[in-house]
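Please read the structure below before turning to the comments.
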């Protein structure tokens, strides 16, 4: 089998030759106004096509897209700004409870289009009822004992909150910055990483200072605090301390000579100074 398809006889003498395939599943319709946009960069067009292929509810932040593409967050953030200026995405801020705000992303298949309204299903006409045939009277069934009503199922109990120094440290991070609020599941997942830091002689204050240093300025939101902390716990993990025997020996402690009460350094607490040893000799 050859490495490429056979070139048709009526193909143009230069330029691209399309080898078409009719998709029947897992495909996305993209308008040429986007695919052949004269002002958007290649990165912006590619990210726009990827966003149009995603279902509703998938995160399309710069951090989330950087996990899919090889481009860095700076390039992806610049491409998202291009798409926003061209009208392919909008990122309005919507109010939440308690005076908070959240940024939502609207992706447009074509700039200026409006959401399609879903048609309501028409009610089916009721079938014509035929007259019931005459029948002989039927005796009523014997009375039956009333059945017990099913009891509503109890709600499952929430899992107990994790405990221990690592879990307490993670739970208290929201006091340092309210954007670092973690769920019970997030604390359970991140606690082993914090325990690794504690096993390497890092104090809780040092760990908290490392995890909360140089955060984005408010009101910039941290959409995935657990993923953000997981990255810092893995990337900034300190090395273990060297063993005691590998440390360089320190100076001998100060001891007092019993003969002249002179202070000198010696590893023997009962040793005498040099002058007293010569006098005794």
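Residue numbers (the numbering used here): 795 to 1075. The beta-carbon is built from N, C-alpha and C at its ideal position, and this holds for glycine as well. Just so we're clear, the structure is a prediction, and the values are computed from it rather than from any experiment.
{"Item": "Would you call the region 840-854 and the region 801-819 touching, i.e. three or more CB-CB distances under 8 Å?", "Value": "no"}
{"Item": "For the region 950-1001, which segments carrying the alpha helix (DSSP H) assignment without a break, of at least 4 residues, lie completely within its bounds, in sequence order?", "Value": "959-965, 967-970 and 978-993"}
{"Item": "What distance in whole Å lies between the Cβ atoms of residue 965 and residue 1159, which are believed to be in contact at a cut-off of 8 Å?", "Value": "Not covered by the structure: residue 1159. The range shown for the chain is 795 to 1075."}
{"Item": "Based on DSSP bridge pairs, tell me the residues matched to residue 883.", "Value": "901"}
{"Item": "What is the DSSP secondary structure of residue 837, reduced to helix, strand or coil?", "Value": "helix"}
{"Item": "From what residue to what residue does the beta strand (DSSP E) around residue 1058 run?", "Value": "1057-1059"}
{"Item": "Since residue 956 contacts residue 978 with CB under 8 Å, what's their CB separation in whole angstroms?", "Value": "7 Å"}
{"Item": "If you reduce the DSSP assignment to three classes, tell me which class residue 1050 lands in.", "Value": "strand"}
{"Item": "Just how far apart, CA to CA, sit residue 868 and residue 840?", "Value": "15 Å"}
{"Item": "Can you tell me the Cβ-Cβ gap for residue 984 and residue 1031, rounded? I've got them flagged as a contact below 8 Å.", "Value": "Actually they do not touch by this definition, with Cβ atoms about 13 Å apart."}
{"Item": "Taking DSSP as the reference, what is the three-state secondary structure of residue 1065?", "Value": "coil"}
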